[in-house]
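Note sheet for the following structure.
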Amino acid sequence: MRIAIIGTYPPRQCGIATFTYDLYRALPVEGEKHGIVAISDGTEPSFPSEVCFTINKNVHQDYVQAAAYINQHFDICVLQHEYGIFGGDAGDFIVQLLKRLNVPVVSNLHTVLQHPSPKEHETLKTICSYSKLVTVMTDMAIRLLQQVFGVPRSKIEMVPHGVPAFDYNQTEAKKQLGLTGRKVMLSFGFLGRNKGIETAIEAVKQVNDPSFLYIVLGSTHPNVLREEGEGYRLFLEEQIAANGLNDRIQLINTFASEELLVKYLTACDIYVTPYPNENQISSGTLSFAIGAGAAVISTPYWYAKDLLAHDRGLLFDFHDAGGLAGHINRLLDDPLILAKYRRNAAAYGRLTSWPNVAGRYYGHLKQVCTSIPTITLRQDAKKVASLFAVNTTRLSS
Numbered sequence: 001m002r003i004a005i006i007g008t009y010p011p012r013q014c015g016i017a018t019f020t021y022d023l024y025r026a027l028p029v030e031g032e033k034h035g036i037v038a039i040s041d042g043t044e045p046s047f048p049s050e051v052c053f054t055i056n057k058n059v060h061q062d063y064v065q066a067a068a069y070i071n072q073h074f075d076i077c078v079l080q081h082e083y084g085i086f087g088g089d090a091g092d093f094i095v096q097l098l099k100r101l102n103v104p105v106v107s108n109l110h111t112v113l114q115h116p117s118p119k120e121h122e123t124l125k126t127i128c129s130y131s132k133l134v135t136v137m138t139d140m141a142i143r144l145l146q147q148v149f150g151v152p153r154s155k156i157e158m159v160p161h162g163v164p165a166f167d168y169n170q171t172e173a174k175k176q177l178g179l180t181g182r183k184v185m186l187s188f189g190f191l192g193r194n195k196g197i198e199t200a201i202e203a204v205k206q207v208n209d210p211s212f213l214y215i216v217l218g219s220t221h222p223n224v225l226r227e228e229g230e231g232y233r234l235f236l237e238e239q240i241a242a243n244g245l246n247d248r249i250q251l252i253n254t255f256a257s258e259e260l261l262v263k264y265l266t267a268c269d270i271y272v273t274p275y276p277n278e279n280q281i282s283s284g285t286l287s288f289a290i291g292a293g294a295a296v297i298s299t300p301y302w303y304a305k306d307l308l309a310h311d312r313g314l315l316f317d318f319h320d321a322g323g324l325a326g327h328i329n330r331l332l333d334d335p336l337i338l339a340k341y342r343r344n345a346a347a348y349g350r351l352t353s354w355p356n357v358a359g360r361y362y363g364h365l366k367q368v369c370t371s372i373p374t375i376t377l378r379q380d381a382k383k384v385a386s387l388f389a390v391n392t393t394r395l396s397s
């Protein structure tokens with residue numbers, strides 16, 4: 001079974017690219033190599049060898065040619081969907097690819113909106129209609145697909161977000177990062193005004209433990225940099241200085257490698273996502289924190305409410321710095337409570353390691369393939385593909 005995965009891909013710096021890369025590395029290979037069809041915005045200098053075809057997101061014909069290439073070389077296609085990574089109105093160029101495929105499609109949805117625009121609604125509904133199976137990461141996303149987009153429940157599967165492997169040696173991780181003796185709270189990911197970091201900074205003023213340190217790890221989002229530069233980071237730095245918190249908060253401006261990220265997540269005692277908006281159905285950062293066995297505190301956006309159920313974490317209200325500070329103080333004042341949340345998170349995290357999650361995806365893909373006469377489809381696909389002149393200049397060397 002040869003699998004084509006469509007999505008952004010490193011060196012592109014975005015959450016979908018990281019997800020696509022991790023899934024590709026973790027998928028079982030039974031004799032035949034899988035391949036990546038990478039969506040490019042033109043900023044990537046080059047792609048690794050597993051990228052067999054690239055699509056310029058704003059070039060309509062690239063989507064047509066990619067469909068012909070996939071039909072000729074693969075048995076099934078996995079689409080990583082987020083509106084903004086594709087060209088067209090509400091990312092509808094991807095529909096031109098899907099409608100031309102003769103191999104089955106499984107679509108993994110990273111965003112499902114409660115109140116989509118008419119065009120967003122049309123695009124996602126069409127994607128689901130072309131998909132043999134749709135996968136999401138939360139129960140809330142399942143409900144929205146049914147209620148807002150009319151997708152049958154039988155067509156939807158919930159597969160959790162995968163996470164790296166962690167060794168849980170916190171003492172060693174703190175030593176390597178120079179954090180020995182500190183109680184560490186961490187946030188990581190691209191920095192932007194939709195992350196609510198100012199609420200967490202306000203909460204730090206009310207934390208009692210003198211050894212407490214809050215680390216915000218991550219570069220500013222590339223789109224934010226293009227639109228407003230480092231304005232938000234400068235705003236946060238001014239807030240930190242004005243409150244005399246320079247010795248209790250560190251803003252580390254770097255796009256962390258997975259190795260560095262795993263080290264910081266292993267070292268942290270508490271992880272926080274103080275996001276200000278409810279309608280978020282996935283968060284790789286929150287998934288990674290649970291996988292690392294951190295005691296997680298979060299605002300109650302949809303993904304957090306699902307993931308932190310069953311005593312896997314704590315919730316506080318949007319923009320409520322006092323509520324966040326209360327949770328931090330409670331965890332740091334009582335080592336047994338802190339240990340309970342860390343233990344519960346780690347237990348769930350082991351279940352969502354990438355090998356386990358990729359195995360679930362692979363099982364669904366095999367089931368889809370075996371339910372379809374793929375030999376006939378592939379023969380027809382080759383006939384159809386011969387009608388298209390594939391632009392070989394877009395194939396990787």
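Numbering-wise (the UniProt record's numbering), the sequence shown opens with residue 1 and increments by one. Ideal Cβ placement from N, Cα and C applies to all residues, glycine included. Small disclaimer: the values here were computed from a predicted structure and weren't measured.
- H327 carries a helical assignment under DSSP once its states are collapsed to helix, strand and coil.
- Ranked by how close their Cα comes to the Cα of G91, the residues H115, R100 and H60 have H60 in first place.
- In the three-state scheme derived from DSSP, where H, G and I count as helix and E and B as strand, T180 is classed as coil.
- In this structure, DSSP gives E50 a state outside helix and strand, which the three-state scheme calls coil.
- Boundaries of the beta strand (DSSP E) harbouring A295: A295 to S298, taken from the DSSP string.
- Assignment of beta-bridge partners to N108 by DSSP yields Q80 and T135.
- No residue range can be given for Q114, since it is assigned to no beta strand (DSSP E) and is classified by DSSP as neither H nor E.
- In the three-state DSSP reduction, Y271 falls in the strand class (E or B).
- Nearest C-alpha to A347 among D41, F166, Y361 and T220: F166.
- The region 288–298 makes contact with the region 252–267; the number of CB pairs closer than 8 Å reaches 3 or more.
- Taking C-beta atoms as the reference points, I70 and A4 count as a pair closer than 9 Å.
- Sequence-distant Cβ neighbours of P104 in its own chain, meaning closer than 6 Å and more than five residues away, are I76, K132, V368 and I372.
- Of the candidates Q72, E44, E122 and Q80, the residue whose Cα lies closest to the Cα of R100 is Q72.
- Remark: C-beta atoms of L261 and L213 do not approach each other more closely than 9 Å.
- With a threshold of 16 other beta carbon atoms within 10 Å, R25 falls short and is exposed.
- The DSSP-derived three-state label of N56 is strand.
- If the five residues before and after I270 are omitted, its C-beta is found closer than 7 Å to the C-beta atoms of M185, A294, A295, I297, I328 and L331, all from its own chain and listed in chain order.
- In this structure, I127 keeps its C-beta atom at 9 Å or more from the C-beta atom of C14.
- Counting along the chain, the unbroken alpha helix (DSSP H) around E238 starts and ends at G231 to A242.
- Taking one beta carbon from each stretch, the region 280–289 and the region 131–147 have 3 or more pairs nearer than 8 Å; the two touch.
- Pairing H81 with S107 gives a Cβ-Cβ distance under 9 Å.
- Residue burial annotation: F19 is buried, with at least 16 other C-beta atoms found within 10 angstroms of its C-beta.
- DSSP places G363 inside the alpha helix (DSSP H), whose first and last residues are W354 to T370.
- The residue from G87, H161, G150 and N169 with its alpha-carbon nearest to that of L23 is H161.
- About 4 Å separates the beta carbon of T199 from that of P274, a gap short enough to meet the 8 Å contact definition.
- With a threshold of 16 other beta carbon atoms within 10 Å, M158 falls short and is exposed.
- The residue among P210, T8, S287 and L324 with its C-alpha nearest the C-alpha of I55 is T8.
- Less than 9 Å divides the Cβ of L98 from the Cβ of A67.
- In the DSSP annotation of this structure, the continuous segment of the beta strand (DSSP E) that includes I215 starts and ends at F212 to L217.
- A straight-line Cα-Cα distance of about 13 Å links Q114 and K125.
- Between R2 and F53, the C-beta spacing is not below 9 Å.
- With fewer than 16 neighbouring CB atoms inside 10 Å of its own CB, R226 falls in the exposed class.
- From the listed residues I6, E32, E44 and D89, the smallest Cα separation to Y21 is found for I6.
- By the neighbour-count criterion, in which 16 or more other beta carbons inside 10 Å mark a residue as buried, N223 falls on the exposed side.
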